[in-house]
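See structure below.
2 protein chains.
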Amino acid sequence: VKEKVLGILKENSARYVSGEHISEALGVSRAAIWKHIKDLKKEGYVIIASSKKGYSLVSVPDVLNSYEIIYNLKTGIIGSNIIYREEIDSTNNYAKKIASEGCKDGTVVVAECQTAGRGRLGRMWDSARNKGIYMSIVLRPEVAPEDVQIITIAASIAVAEAIRDITGMEAAIKWPNDIILDGKKVCGILTEMSSEMEKVNFLVVGIGLNVNHSREDFPEELANTATSLRIYAEQNSTGTAPAELDFRLNRSSLVKAVLTEMENVYCMVNNGNTDEVVRQWKEYSVTLGKEVLITSKSAEYRGFAKDITKDGRLIVDCSDGVTREVMSGEVKVRGLLGYT
Amino acid sequence: VKEKVLGILKENSARYVSGEHISEALGVSRAAIWKHIKDLKKEGYVIIASSKKGYSLVSVPDVLNSYEIIYNLKTGIIGSNIIYREEIDSTNNYAKKIASEGCKDGTVVVAECQTAGRGRLGRMWDSARNKGIYMSIVLRPEVAPEDVQIITIAASIAVAEAIRDITGMEAAIKWPNDIILDGKKVCGILTEMSSEMEKVNFLVVGIGLNVNHSREDFPEELANTATSLRIYAEQNSTGTAPAELDFRLNRSSLVKAVLTEMENVYCMVNNGNTDEVVRQWKEYSVTLGKEVLITSKSAEYRGFAKDITKDGRLIVDCSDGVTREVMSGEVKVRGLLGYT
Numbered sequence: 003v004k005e006k007v008l009g010i011l012k013e014n015s016a017r018y019v020s021g022e023h024i025s026e027a028l029g030v031s032r033a034a035i036w037k038h039i040k041d042l043k044k045e046g047y048v049i050i051a052s053s054k055k056g057y058s059l060v061s062v063p064d065v066l067n068s069y070e071i072i073y074n075l076k077t078g079i080i081g082s083n084i085i086y087r088e089e090i091d092s093t094n095n096y097a098k099k100i101a102s103e104g105c106k107d108g109t110v111v112v113a114e115c116q117t118a119g120r121g122r123l124g125r126m127w128d129s130a131r132n133k134g135i136y137m138s139i140v141l142r143p144e145v146a147p148e149d150v151q152i153i154t155i156a157a158s159i160a161v162a163e164a165i166r167d168i169t170g171m172e173a174a175i176k177w178p179n180d181i182i183l184d185g186k187k188v189c190g191i192l193t194e195m196s197s198e199m200e201k202v203n204f205l206v207v208g209i210g211l212n213v214n215h216s217r218e219d220f221p222e223e224l225a226n227t228a229t230s231l232r233i234y235a236e237q238n239s240t241g242t243a244p245a246e247l248d249f250r251l252n253r254s255s256l257v258k259a260v261l262t263e264m265e266n267v268y269c270m271v272n273n274g275n276t277d278e279v280v281r282q283w284k285e286y287s288v289t290l291g292k293e294v295l296i297t298s299k300s301a302e303y304r305g306f307a308k309d310i311t312k313d314g315r316l317i318v319d320c321s322d323g324v325t326r327e328v329m330s331g332e333v334k335v336r337g338l339l340g341y342t
Numbered sequence: 003v004k005e006k007v008l009g010i011l012k013e014n015s016a017r018y019v020s021g022e023h024i025s026e027a028l029g030v031s032r033a034a035i036w037k038h039i040k041d042l043k044k045e046g047y048v049i050i051a052s053s054k055k056g057y058s059l060v061s062v063p064d065v066l067n068s069y070e071i072i073y074n075l076k077t078g079i080i081g082s083n084i085i086y087r088e089e090i091d092s093t094n095n096y097a098k099k100i101a102s103e104g105c106k107d108g109t110v111v112v113a114e115c116q117t118a119g120r121g122r123l124g125r126m127w128d129s130a131r132n133k134g135i136y137m138s139i140v141l142r143p144e145v146a147p148e149d150v151q152i153i154t155i156a157a158s159i160a161v162a163e164a165i166r167d168i169t170g171m172e173a174a175i176k177w178p179n180d181i182i183l184d185g186k187k188v189c190g191i192l193t194e195m196s197s198e199m200e201k202v203n204f205l206v207v208g209i210g211l212n213v214n215h216s217r218e219d220f221p222e223e224l225a226n227t228a229t230s231l232r233i234y235a236e237q238n239s240t241g242t243a244p245a246e247l248d249f250r251l252n253r254s255s256l257v258k259a260v261l262t263e264m265e266n267v268y269c270m271v272n273n274g275n276t277d278e279v280v281r282q283w284k285e286y287s288v289t290l291g292k293e294v295l296i297t298s299k300s301a302e303y304r305g306f307a308k309d310i311t312k313d314g315r316l317i318v319d320c321s322d323g324v325t326r327e328v329m330s331g332e333v334k335v336r337g338l339l340g341y342t
């Protein structure tokens, strides 16, 4: 009911709606309506009231709760079920848990804060409260286990595209799935899979996007390699900004954009249109044509990133004359993330 | 303590041990010893008592509890932790759960009965109570996600080898991981994986081995395709067997043999000695050199199975002149499992 009250207020944003109208529309008592309004105010919604005219929603807080995300979301699969937690150990862990219990394709887990956020290869992911977007999407794609790399590529396209949709900033992709802004990392994607040898049970695509972090929010060791949309906006604003402007972005709009773009690329993958996914990936790439350093368990190679294969492997002309297809391991790109 | 009481009785099998001796050895009261003996009797252990001489273990029931399996087990990794349940939905499900919570490499889950036993591709696995071996092994191997097929191959070798060790029966392997006896399936292996794109979190190798099933224990539709060690023994016994002989095998000895052989092949994999794994697999193969029918989502091919690649793909010379490497999908072998 709270969501429905909020829905009516939003439809009438900055206009008064009478308690009576809401009460009739939802078939709930006016006392119940008043209680929900009180709850919404506690969550940070600014709602003013007039005994004659009713309630008016004046401003929406920057929260990631499920009704802010669902409102006006037009996807069919991605986000058809949204689970919100103020705090969680790791959205990927929770998503894997509910996926193994059978949750549906496209279920999204989103949190304001992760206490044990993880990046690739067991690394920590800094998940400052209320600053970033920490979410995981459960997918049950029609691909074989050996072809799942395409999903990670698809997810990176969705994030880059969403950033461009909402902010116009030219986000780019470092192979396979880091989102880069100004040579620094603004978003990491951690894809995990549960599978049989021949069949994917489910994938969990974890997205950690730095949105409203200021420089001080990052630990010192990340100063040269990490950025946020807010930092980028501040650095690239021209002219004199009004003093009260703090360059914060609305995170739920960004989440909606990511889910919408994710739906597009996910449908492409499920329709077998992976060529188009790879084509789009190449457009966003800041890896192809660049000098790269590849570090694997057994060796280190330098070379030029030439292309990617249709299943997502990076093709590198190495300085020892051998052309290698890289599936995993560390790839550094000269000029990015502090590698000079 | 119950396990330790049993241990002492086993060391002195068919000889009397005084309650006083056990009590002193374990530092427990004689009343406590008596209680454990009572419990063991309830579980089916035949223990006789004499007020003068003490207790004597006369016979051990065919149960799969963890102390029967651990007793005299000499592995270092596989089975270092054994979890036994009388009934479980699926040993693979439980193993995946504890693996995601961090259980150690080589943990084994074993049950007398599965209420929702699963085979490959979501199929049911018939798990009649007390008849078969239903167990799952959690592995954390040093292999990349794209190379995990070798683990399934290794597991099938371990099972075939264990059957030969204990019974001398010439178990063979149908690609990739069915264990065949007399042209029928005696064991299925379901490997599931949790991974990042670049790193295996864990594997769960589920083993369903038909041991003491009689013909009547199988549903009619499996009559031509499934068998058990007991059925095979009965069919192949020569001369007149005593009337009371029912050809049952001791399942915990078989479990021990599987765990021991699994430890061998698992170490080979972790030491990078996959060539030897593939070599052994070929020795057990009933697929190579045979006519096969390959069914994938998109097409059907007939051909001859020529070889397997070092990462476990089946190489098939197809009747349309093309040589294909098969990673997954259905492979039927002429002459096996009712395919004529």
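Protein chains in written order, with the working numbering: chain R, 3 to 342; chain V, 3 to 342. Glycine included, C-beta positions come from ideal geometry on N, C-alpha and C.
Residue i - DSSP class collapsed to helix/strand/coil
{"i": "Tyr18(R)", "result": "coil"}
{"i": "Met195(R)", "result": "strand"}
{"i": "Met171(V)", "result": "coil"}
{"i": "Met329(R)", "result": "coil"}
{"i": "Lys334(R)", "result": "strand"}
{"i": "Cys269(V)", "result": "helix"}
{"i": "Asp180(R)", "result": "strand"}
{"i": "Ser102(V)", "result": "helix"}
{"i": "Arg120(R)", "result": "strand"}
{"i": "Ile84(R)", "result": "strand"}
{"i": "Val161(V)", "result": "helix"}
{"i": "Tyr96(R)", "result": "helix"}
{"i": "Tyr303(V)", "result": "strand"}
{"i": "Tyr69(V)", "result": "helix"}
{"i": "Ile79(V)", "result": "coil"}
{"i": "Lys40(R)", "result": "helix"}
{"i": "Gly190(R)", "result": "strand"}
For residue j and residue i, the rounded distance between their alpha carbons
{"i": "Ile233(V)", "j": "Tyr341(V)", "result": "21 Å"}
{"i": "Val271(V)", "j": "Lys55(V)", "result": "51 Å"}
{"i": "Tyr69(V)", "j": "Arg166(V)", "result": "24 Å"}
{"i": "Val213(V)", "j": "Lys176(V)", "result": "19 Å"}
{"i": "Ala101(V)", "j": "Asp322(R)", "result": "41 Å"}
{"i": "Lys334(R)", "j": "Gly170(R)", "result": "26 Å"}
{"i": "Glu263(V)", "j": "Pro221(R)", "result": "49 Å"}
{"i": "Ser254(V)", "j": "Gly78(R)", "result": "51 Å"}
{"i": "Gly208(R)", "j": "Glu278(R)", "result": "23 Å"}
{"i": "Ala34(R)", "j": "Tyr136(R)", "result": "33 Å"}
{"i": "Glu45(R)", "j": "Thr229(R)", "result": "28 Å"}
{"i": "Gly121(R)", "j": "Glu13(V)", "result": "51 Å"}
{"i": "Val267(R)", "j": "Val318(R)", "result": "26 Å"}
{"i": "Thr297(R)", "j": "Val260(V)", "result": "38 Å"}
{"i": "Lys40(V)", "j": "Glu200(R)", "result": "48 Å"}
{"i": "Ser92(R)", "j": "Gly119(R)", "result": "5 Å"}
{"i": "Glu148(R)", "j": "His38(V)", "result": "52 Å"}
{"i": "Glu223(V)", "j": "Trp283(V)", "result": "29 Å"}
{"i": "Glu285(R)", "j": "Ile159(R)", "result": "9 Å"}
{"i": "Glu218(R)", "j": "Cys115(V)", "result": "57 Å"}
Status (buried if at least 16 other CB within 10 Å, exposed otherwise) for residue i
{"i": "Lys186(R)", "result": "buried"}
{"i": "Thr325(R)", "result": "exposed"}
{"i": "Ser197(R)", "result": "buried"}
{"i": "Ser31(R)", "result": "exposed"}
{"i": "Gln2(V)", "result": "Coverage of chain V is limited to positions 3 through 342, which leaves residue 2(V) absent and any answer about it impossible."}
{"i": "Met195(V)", "result": "buried"}
{"i": "Ala162(V)", "result": "buried"}
{"i": "Ala16(R)", "result": "exposed"}
{"i": "Thr311(R)", "result": "exposed"}
{"i": "Asn94(V)", "result": "buried"}
{"i": "Ala301(V)", "result": "exposed"}
CB contact check: residue i to chain B, cutoff 7 Å
{"i": "Ser15(V)", "result": "Looking at the structure shown, chain B is missing, and the protein chains on hand are R and V."}
Within the chosen definition, does the region 146-161 of chain R reach the region 12-28 of chain V through at least 3 CB pairs nearer than 8 Å? Using a Cβ-Cβ distance cut-off of 8 Å, the region 146-161 of chain R and the region 12-28 of chain V are not in contact, since fewer than three pairs of beta carbons, one from each stretch, lie closer than that value.
Between the region 84-100 of chain R and the region 111-119 of chain R, do three or more beta carbon pairs fall short of 8 Å? The region 84-100 of chain R makes contact with the region 111-119 of chain R; the number of CB pairs closer than 8 Å reaches 3 or more.
Are at least three pairs of beta-carbons, each pair with one atom in the region 198-206 of chain V and one in the region 131-143 of chain V, less than 8 Å apart? The region 198-206 of chain V makes contact with the region 131-143 of chain V; the number of CB pairs closer than 8 Å reaches 3 or more.
Check whether the region 305-323 of chain R touches the region 285-296 of chain R, taking contact to mean three or more Cβ pairs, one atom from each stretch, closer than 8 Å. The region 305-323 of chain R, when compared against the region 285-296 of chain R, does touch it at the 8 Å Cβ threshold.
If you scan the region 207-295 of chain V from start to end, which runs of the alpha helix (DSSP H) of 4 or more residues do you find wholly inside it? Within the region 207-295 of chain V, the complete alpha helix (DSSP H) segments of 4 residues or longer fall at 231-237, 253-272, 276-286, listed in chain order.
Please list the segments of the alpha helix (DSSP H) lying wholly inside the region 124-159 of chain R, counting only runs of 4 or more residues, in order along the chain. Within the region 124-159 of chain R, not a single complete alpha helix (DSSP H) segment reaches 4 residues in length.
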